[in-house]
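Let me begin by presenting the structure, written as structure tokens, before commenting on it.
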Amino acid sequence: MQLLAVLGFAVPSFLVALVLAVVVGVHLGWLPATGYVPLADSADGWLRSITLPALSLAVGAIAATAQQVRGSMVDVLRADYIRTLRSRGISERSLLFRHALRNAAPAALTVLALQFIGLVGGAVVVEKVFGLNGIGSQATTAGSQSDTPVVMGVVVVMVALVVVVNILMDLAYGWLNPKVRVG
Amino acid sequence: MTLPQPEEAAHTIAVATPGRAGLLRRLLRSPVAVTCLVLLALASLFAPLLTGQDPAHTSLTDSLAPMSGQHPLGGDGVGRDVLARLLYGGRTSLLGALLAVAVALAIGVPAGLVAGYYRKWFDAVSSWLSNLLMAVPAIIVLLVVMSAVGQNTYLAMAVFGVLMSPGVFRLIRASVISVREELYVDAARVSGLTDPRIIRRHILPVVQAPTIIQAAQMLGLGIVIQSGLEFLGLGSASQASWGSMLNDAFANIYTKPVLMVWPGVALAVTVAAFGLLGNAVRDALAGSAVGGRRPSRGAAGRRPVAAKKARHTTSVTSAMNGMSETADADDALLVLEDLTVTHPTAEGDKAVVDGVSLKVRRGEVLGLVGESGSGKSQTAFALLGLLPREAQVSTGRLVFDGTELGRLGRADMNRYRGRRIAYVPQEPMSNLDPSFRIGAQLVEPVRRHLGLSASEARAKTLGLLERVGIADPKRVFNAYPHQISGGMAQRVLIAGAVSCEPDLLIADEPTTALDVTVQAEVLDLVRSLQRERNMGVILVTHDFGVVADICDRVSVMQTGAVVESAPVAQLFAAPQHPYTRMLLSSTLEDAEPRAALSPGHTVPASVAGITNTGRQEGPA
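If you read the sequences in order, they're chains A and X. For the first sequence, the residue numbers in the numbering used here are 2 to 184. For the second sequence, the residue numbers in the numbering used here are 312 to 931.
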């Protein structure tokens, strides 16, 4: 389990993307290896075209989040209040999923926020693998052609995205942790 | 003895400074990662010896050539030798990653040290800058650099080093701030050591370990980003690299997919090896940190194998055990015979409780007295089945109200815990779940054990809060733990413990963490609840004043064993065991045991501990 997490965490998402594209896309032919179908054209086609890219991006984030949740669960389960709750005879399920997970969640959330930045970067490469015409491949093309204005535009959009996501994370953090609530 | 808190655990890891030799030895215990990396480094270093081929030499006749003597791994899309490109590509990857990490460390370490040690404006400015850098996706910045300066792998990696430096900076800064508050650093400053000297002698050794972990992770990350860029076709075109090999393989994905395997495997193995290395360092450090600071708790969690050693049978009966009574009385609520608790430690298993026997009658208050570390709390936890999983527990007998608790499974035990046997902890603030309102925490067990409806449970809980002396029960019911005081939290915990009308209350130093005035009130509350409900109580304490005030019988513990058990009056009048006499004399000096308790009696300051509780005799 630990080893799986390390592998998932370590192996770059574009490598996962390549393997998925070759195995699932080319050899098995279950899902399209390249190309993008807009949602407006066909919901089914969109879902099929987006599955592999999303999966390859998610693997690393899943592993990182899992590791973080594991770590903070280990810490929380050692806490005094868990022992006291246990002394009151509440069920192990409530102990784990209600009390421990709730207290471990803020740490996981922090990792998710950081992951998002990494995912935006990862998308740049993954888009190339799956032949997606996203903001990432635009940046790549502009970068290799030294088209600085376009690259700058991409940077601004991405930073704005990161800021918005961080604000959402902060709001969620306040919802999870009563101590940081205002008012 | 309490379990380590999360913050404390994190702190322990940050503060740990194991010897270098020990660290190396531990690292060699994860041979896979180390072997992979050493092989990789050697292969890249001696690439010219391992292959005679030029990685950049193209030959159209060898395009997509099969494996052969001349090309052991075949040729790529433009006829370059795959093996040569793999070996030379390793050079590019490792050198690039090392460059990035070197830059990150060169910026992050000094900046982190200065910001953490001196704080002030430098801290504010550099923290702001580092947050800014962290908000930007690295690969995009690299694209900008490439578009402005041109495509150069090593330049890109140096820039990436700058982008990674906030990670190092934050880590170093946080560790420095935490050590800076340590008393020994204060002591060094008071004794007049200069700042650079303090940083070198006391701060650097502490930050060294987490920095190594971070460096290992950054090496992996550097390789990932670098190959990502090269895969996009943004590296130095003339240099062989794994990323550009993947790019070439991707172009030939339909004709020769096997080309993808070699660089893919090399990349995955390298990055995973760095990841494993970082984890191994962290585990090694965490293990030695916990083991070093808390020998009795040990590196237990990390060494479950050692914990499995059969200690079940070695319940050593202590020499003084004959003094504890045999369990023949019919009115016994709880009979414990021959309890042994063993914790695995780095130096082998250590018995913290060794052959303890206790008996509590219905409605009786038993004091469990001893210095810290004598095994009082461990005994209390063992009765409740609350010891950490790595602890080995063996009991001769543990009978509660006619039921042998030792044989109950977890689910069955949960019908006793909270319902029939309740527990009041020592530290009020750390024993309430910080994420839930107090009301919710109190209602949950009541509903579970007594099967009440939500509104009934709420009414009962509000009544309980009022009973334990909380002036505004509704407000406390709806408050979060951080919104109430320590004394109030302890009342809440007592309310929680008695909520299901238990027959036995185990209170583990319920007053130690409280103010002197609140101590007396809380003790008074425990006593009145005990009388009102005729509960048996086991009161763990180190305070003979509390014992004299509230207990009917006393068991004195020393180093994991009960050395003397007697009714309170008898123990105070004629202590039998030398240890008991020593404890008593250190508390009471030569005063008559009960004399200090009479109301209005003036007592010397040395027995103040008794008067705190004794004062309550008057109004009660």
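Virtual Cβ for every residue (Gly too), placed ideally from N, Cα, C.
Beta-carbon separation (whole angstroms), residue i vs residue j, contact threshold 8 Å
i: Gln1(A); j: Ala108(A); result: With chain A covering only 2 through 184, there is no way to say anything about residue 1(A).
i: Trp31(A); j: Val38(A); result: In fact, because the Cβ distance is near 15 Å, the residues do not count as touching under 8 Å.
i: Val803(X); j: Ile749(X); result: 6 Å
i: Gly122(A); j: Ile451(X); result: 7 Å
i: Gly678(X); j: Gly847(X); result: So it is not a contact: roughly 12 Å between Cβ atoms.
i: Gly472(X); j: Val414(X); result: 3 Å
i: Leu834(X); j: Asp860(X); result: 7 Å
i: Pro739(X); j: Ala782(X); result: About 17 Å; that fails the 8 Å criterion.
i: Leu709(X); j: Leu644(X); result: Going by Cβ atoms, the distance from Leu709(X) to Leu644(X) rounds to 12 Å, so no, they are not a contact pair.
i: Phe131(A); j: Thr35(A); result: 6 Å
i: Leu557(X); j: Gly575(X); result: 7 Å
i: Gly90(A); j: Arg726(X); result: 7 Å
i: Ala105(A); j: Val126(A); result: Not really, about 31 Å apart at Cβ, beyond 8 Å.
i: Lys687(X); j: Gly696(X); result: Not quite, the Cβ-Cβ distance comes to about 17 Å (not below 8 Å), so this is no contact.
Nearest neighbour of residue i, chosen from the options [CA to CA]
i: Leu353(X); options: Gly386(X), Leu406(X), Pro366(X) and Glu812(X); result: Leu406(X)
i: Ala808(X); options: Leu836(X), His793(X) and Ala790(X); result: Leu836(X)
i: Ser538(X); options: Thr822(X), Gly401(X) and Pro421(X); result: Gly401(X)
i: Leu424(X); options: Arg786(X), Ser741(X), Leu669(X) and Gln519(X); result: Gln519(X)
i: Gly774(X); options: Leu453(X), Leu753(X) and Val676(X); result: Leu753(X)
i: Val592(X); options: Asn563(X), Gly554(X) and Ile524(X); result: Ile524(X)
i: Val858(X); options: Ala467(X), Asn845(X), Gly871(X) and Ser876(X); result: Ser876(X)
i: Leu650(X); options: Gly659(X), Ala702(X) and Val676(X); result: Ala702(X)
i: Leu58(A); options: Pro33(A), Arg87(A) and Val20(A); result: Val20(A)
i: Arg481(X); options: Ser437(X), Ala499(X), Leu454(X) and Lys567(X); result: Ser437(X)
i: Val569(X); options: Asn845(X), Thr891(X), His793(X) and Gly386(X); result: Gly386(X)
i: Ser1010(X); options: Ala469(X), Met468(X), His513(X) and Ser476(X); result: Outside the displayed span of chain X (312 to 931) sits residue 1010(X), for which this structure offers no information.
i: Leu532(X); options: Leu474(X), Cys347(X) and Val829(X); result: Leu474(X)
The beta strand (DSSP E) enclosing residue i, as first and last residue numbers
i: Asp649(X); result: Ala643 to Thr656
i: Arg672(X); result: Gly659 to Arg672
Interface flag, residue i vs chain A, CB-CB below 8 Å
i: Leu773(X); result: no
i: Arg608(X); result: Low confidence applies to Arg608(X): its pLDDT is 36, below 50, so where it sits in the model is not reliable enough to give any reading.
i: Met529(X); result: no
i: Ser458(X); result: yes
i: Met468(X); result: no
i: Arg730(X); result: yes
i: Ala630(X); result: With a pLDDT of 35 at Ala630(X), under the threshold of 50, the modelled position of this residue cannot be trusted, and the question is left open.
i: Val582(X); result: yes
i: Ile524(X); result: no
i: Phe542(X); result: yes
i: Ser538(X); result: yes
i: Phe561(X); result: yes
i: Ile564(X); result: yes
i: Val535(X); result: yes
i: Asn568(X); result: Sequence inspection shows Pro at residue 568(X); the Asn mentioned does not correspond to that position. Pro568(X) counts as touching chain A.
i: Asn725(X); result: yes
i: Arg786(X); result: no
Span of the alpha helix (DSSP H) around residue i
i: Asp835(X); result: Val827 to Arg844
i: Gly696(X); result: Careful: Gly696(X) lies outside any alpha helix (DSSP H) and carries neither H nor E.
i: Pro421(X); result: Val393 to Tyr429
i: Ala551(X); result: That residue, Ala551(X), is in no alpha helix (DSSP H); it is neither H nor E in DSSP.
Contact test: residue i Cβ vs the ligand ADP heavy atom, cutoff 7 Å
i: Arg391(X); result: Absence of the ligand ADP from the depicted structure is noted, as is the absence of any ligand whatsoever, leaving it without description.
Chain X within 8 Å of residue i, Cβ atoms only
i: Pro33(A); result: no
i: Ala44(A); result: no
i: Pro54(A); result: no
i: Val60(A); result: no
i: Phe131(A); result: no
i: Gly175(A); result: no
i: Arg49(A); result: no
i: Val38(A); result: no
i: Ala109(A); result: no
i: Phe15(A); result: yes
Practice problem: Check distances from the C-beta atoms of the stretch 64 to 81 of chain A to those of chain X and list, in chain order, the residues that come in under 7 Å. | Solution: Asp76, Val77, Arg79, Ala80 and Asp81
Practice problem: Using a Cβ-Cβ cut-off of less than 8 Å, give me the residues of the stretch 734 to 746 of chain X that come near chain A, in sequence order. | Solution: Tyr734, Pro736, Glu738, Ser741, Asn742, Leu743, Asp744, Pro745 and Ser746
Self-check item: Contacting positions in the stretch 113 to 125 of chain A - beta carbon closer than 7 Å to chain X
Solution: Ile118, Val121, Gly122 and Val125
Quiz prompt | Contact residues within the stretch 145 to 171 of chain A, judged by C-beta distance below 8 Å to chain X | solution = Ser145, Gln146, Ser147, Asp148, Thr149, Val152, Met153, Val155, Val156, Met159, Val160, Val163, Val164 and Asn167
Quiz item: If contact means a Cβ-Cβ distance below 7 Å, which residues of the stretch 437 to 456 of chain X contact chain A?
Solution: Ala446, Val447, Pro448, Ala449, Ile450, Ile451, Leu454 and Val455
Quiz prompt | Within 7 Å of chain A by C-beta, residues of the stretch 876 to 890 of chain X in sequence order | solution = none
Quiz item: What residues from the stretch 752 to 771 of chain X come within 8 Å of chain A, judged by C-beta to C-beta, listed N to C?
Solution: Gln752, Glu755, Pro756, Arg759 and His760
Exercise. Could you list the residues in the stretch 801 to 826 of chain X with a C-beta less than 9 Å from some C-beta on chain A, going in chain order?
Key: Leu804, Gly807, Ala808, Ser810, Cys811 and Ile817
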